[in-house]
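>
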Amino acid sequence: MMQTMQKKWSKYKRPEQDARGPLRFTDRDAEILELFSPNEFRFLTGEIISCITRRHIKSIRRRLRTLWEHEYLSKYYPPNSYESVNNKEGGSQKAVYYLCERGRTFLSEHLERRIRKVIFDPSAPHPNLPHTIATNRFRGLVMAACDQAGVDMPYSYPDRHFISMSFRLGWSQDALETTLEPDWFFAIKDGGKPIRNFFLELQTAKRRTKTTRQAKERAKTLLTKFRKYYYFWKKKITDKYPNEKYSDIQELRRMRVLVLVTDDMKDQEFENLIALSKQADEQGMGVRLFWFARAADFDLTQPKSAFKPVWRTAVDKERYSLVN
529 MMQTMQKKWS
539 KYKRPEQDAR
549 GPLRFTDRDA
559 EILELFSPNE
569 FRFLTGEIIS
579 CITRRHIKSI
589 RRRLRTLWEH
599 EYLSKYYPPN
609 SYESVNNKEG
619 GSQKAVYYLC
629 ERGRTFLSEH
639 LERRIRKVIF
649 DPSAPHPNLP
659 HTIATNRFRG
669 LVMAACDQAG
679 VDMPYSYPDR
689 HFISMSFRLG
699 WSQDALETTL
709 EPDWFFAIKD
719 GGKPIRNFFL
729 ELQTAKRRTK
739 TTRQAKERAK
749 TLLTKFRKYY
759 YFWKKKITDK
769 YPNEKYSDIQ
779 ELRRMRVLVL
789 VTDDMKDQEF
799 ENLIALSKQA
809 DEQGMGVRLF
819 WFARAADFDL
829 TQPKSAFKPV
839 WRTAVDKERY
849 SLVN
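Following the numbering used here, the numbering of the sequence shown begins with 529 at its first residue and continues without gaps.
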């Protein structure tokens, strides 16, 4: 007797309408789609969604497949490398999901607000997408940790949602004006403790092909970024908040800059980055304003790992936690 062969569907191409499984849309599906709403996330992986929703990854993957088949979500597989010619390293990373038209329409009706159309060409290169996903990974982890531990997050401004008022990058009148554009800005309020404000800056490893000149330019760019935060804090620009645009921000003077490095950064480069932050202040002694950690220090399957005392500074050997 011949065995019936089960057809294996492609993970890249949606099946035809009549070949798709049934969709029984539930509140849990709406919960997934709401993560893609304004001020939340534009791109997510199944692992990040699993962490935030506290649902098993296998269950999330099944629902994502169904939502993708029925055109509520689109997905994209980032290549393993954007640096190699014609992607000779081959293969791809885990699927990245984003809203497609039907999902956008649902959210607009569900939330009773206009949801902007996502403009994304999967056939084009997207070298900045890994940076976005790594940032969203940490954002999702902290959100889940706060939810599990009963810690309040009074406000959260994703990338491009917080741009501070302009200020001078130094003390002279000739100093250039600049603004802050963190990858994420958020606050934590743990019980009766004072509120704590955090600016997240995700830092990737330097490319292997960099020349000495390019390496110096990279260091200069990083140092400028550190100095922006130092002068923002030192010149007490923080005292100008709350204001009309950011009325919910409290006690911004109590701030730290989280420098989170990706897993591919080598140990020496990581140490050099910490040492570089010392040059941000005039004395070159370093300040506790800057905290450093690796993405590998945190585990999406253990959300409370977001609160582990793993953050380092350039001025002491202590390890700090977001909820110290």
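We treat Cβ as the ideally placed atom computed from N, Cα and C, and that holds for glycine. Just so it is clear, the structure is predicted and the values come from calculations on it, not from any experiment.
Per DSSP, which residues does residue 603 bridge with? Please list them.
Translated into positions along the sequence shown, residue 603 becomes position 75. Looking at the DSSP assignment, residue 603 forms a beta bridge with 625.
> For residue 675, which option in 585, 621, 579 and 852 has the closest C-alpha, if you only look at C-alpha atoms?
Start at 1 with the first residue of the sequence shown, and residue 675 comes out as number 147. Of the listed residues, the one whose Cα sits closest to residue 675 is 579.
> Taking residue 688 as the reference, give the member of 710, 705 and 640 with the closest Cα.
Residue mapping note: residue 688 aligns to position 160 of the sequence shown, counting from 1. Out of 710, 705 and 640, 710 has the C-alpha closest to the C-alpha of residue 688.
> Just verifying my parser: in three-state terms, what is the DSSP assignment at residue 695?
The residue labelled residue 695 in the question sits at position 167 within the sequence shown. Strand, per DSSP.
> Please determine, among 848, 633 and 655, the residue with the shortest C-alpha to C-alpha distance to residue 646.
Stepping through the sequence shown from its first residue, residue 646 is reached at position 118. Considering only alpha carbons, the answer is 633.
> I'd like the span of the alpha helix (DSSP H) that includes residue 578, first residue to last.
In the sequence shown, counting from the first residue as 1, residue 578 sits at position 50. Per DSSP, residue 578 belongs to the alpha helix (DSSP H) from 574-581.
> If you drop the 5 nearest sequence neighbours on each side, which residues of the same chain put their C-beta closer than 8 Å to that of residue 565?
Residue numbering aside, residue 565 sits at position 37 when the sequence shown is read from its first letter. If we look at residue 565 and ignore the five residues flanking it on each side, its Cβ neighbours are 635, 639 and 643.
> Contact between the segment 659-672 and the segment 792-806: three or more CB pairs below 8 Å?
Cβ pair count under 8 Å is below three, so no.
> If distances are taken between C-alpha atoms only, which option among 816, 559, 812 and 848 comes closest to residue 582?
Locating residue 582 in the sequence shown gives position 54, counting from the first residue. When each option's Cα is compared against that of residue 582, the closest is 559.
> Leaving aside the five residues before and after residue 822 along the sequence, list all residues of the same chain whose C-beta is less than 6 Å from its C-beta, in chain order.
Walking along the sequence shown from the start, residue 822 turns up at place 294. Closer than 6 Å at Cβ, skipping near neighbours: 789.
> By the 10 Å Cβ neighbour count, where 16 or more other Cβ atoms means buried, how is residue 577 classified, buried or exposed?
The count along the sequence shown starts at 1 and reaches residue 577 at position 49. Looking at its Cβ environment, which holds 16 or more other Cβ atoms inside 10 Å, residue 577 is buried.
> With C-beta atoms as the reference, is residue 721 less than 8 Å away from residue 680?
Reading the sequence shown from its first residue, position 193 is the one you call residue 721. Reading the sequence shown from its first residue, position 152 is the one you call residue 680. Their beta carbons are not under 8 Å apart, which means residue 721 does not touch residue 680 by this criterion.
> Quick check: what's the CA-CA separation for residue 571 versus residue 705?
Locating residue 571 in the sequence shown gives position 43, where the first residue counts as 1. Locating residue 705 in the sequence shown gives position 177, where the first residue counts as 1. In a straight line, the C-alpha of residue 571 is about 32 Å away from that of residue 705.
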